[in-house]
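Residue numbers (the numbering used here): 2 to 159.
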Amino acid sequence: MNVEELLDLMEETLEAGTAVPFAAGKRVVDVDRMRDIIDEVRNNLPDEVRESKKIVNDREQILKNAHVEAEGVIQQAEERARAMVSEQEIVKRSQQRVVEILTAAQTQNKEIKRQTSLYCEEVLKQSEEALVKSLSNVKNARMNLRNMPSRPARGTKK
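Structure, rendered in structure tokens:
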């Protein structure tokens with residue numbers, strides 16, 4: 002029997018039930034017979050109805066799983082975003098550190114050049130003074146030689 006026929010049989014069983022005195026619309030029916038018919042209806046329901054019932058029953062679990070999965074995706078996205086921001090921050094700090102190192106190196110380079118120039122100037126000044134003093138000594142020695150009276154050499158008479 003199909004579902005339609007079983008529903009018709011249920012209706013016939015209800016109509017065939019004995020009316021209850023002083024209770025309009027109530028009847029006494031064979032409970033076992035009605036349960037058998039209901040079981041037959043359940044057995045003859047299309048698979049789609051059973052599947053949809055299962056889906057309805059599983060709906061909460063499906064929604065919960067979807068929510069958990071969505072939370073996982075969001076968490077992964079947030080972690081990735083934090084990692085990217087962290088990487089950018091590291092790059093930014095590194096670039097700032099490079100600028101600081103370059104500035105310090107350039108400053109140190111200028112100072113070394115200045116100190117080297119001062120040192121070379123001092124050495125050249127001392128060398129010049131030593132040469133001037135030596136030159137003065139040489140001039141004085143020459144002058145002394147010129148101003149010396151001529152002496153005859155030993156053994157020669159004048």
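Beta carbons: idealized from backbone N, C-alpha and C, even for Gly.
By the CB criterion at 9 Å, Val57 and Met11 fall outside the cutoff. Within the stretch 2-65, the complete alpha helix (DSSP H) segments at least 4 residues long are 4-17, 32-45, listed from N- to C-terminus. Three or more beta-carbon pairs separated by less than 8 Å are not found between the stretch 30-39 and the stretch 64-72, which leaves the two stretches without contact.
Counting other Cβ atoms within 10 Å of its Cβ, Leu15 stays below 16 and is therefore classed as exposed. When secondary structure is reduced to three states using DSSP, Met85 falls in the helix class.
Between the beta-carbon of Val30 and that of Gly18 there is about 4 Å, and that keeps the pair under the 8 Å contact cut. Taking the Cα positions, Arg94 is about 10 Å away from Ser87.
In terms of CA proximity to Leu7, Leu46 leads the group Phe23, Leu46, Pro22, Val21.
Each residue's CA atom was taken as its position, placing Gln62 and Ala78 some 24 Å apart. If you ignore the 5 residues before and after Arg28, its C-beta comes within less than 7 Å of the C-beta of Leu15, Gly18, Thr19, Ala20, Val21, all in its own chain and listed in chain order.
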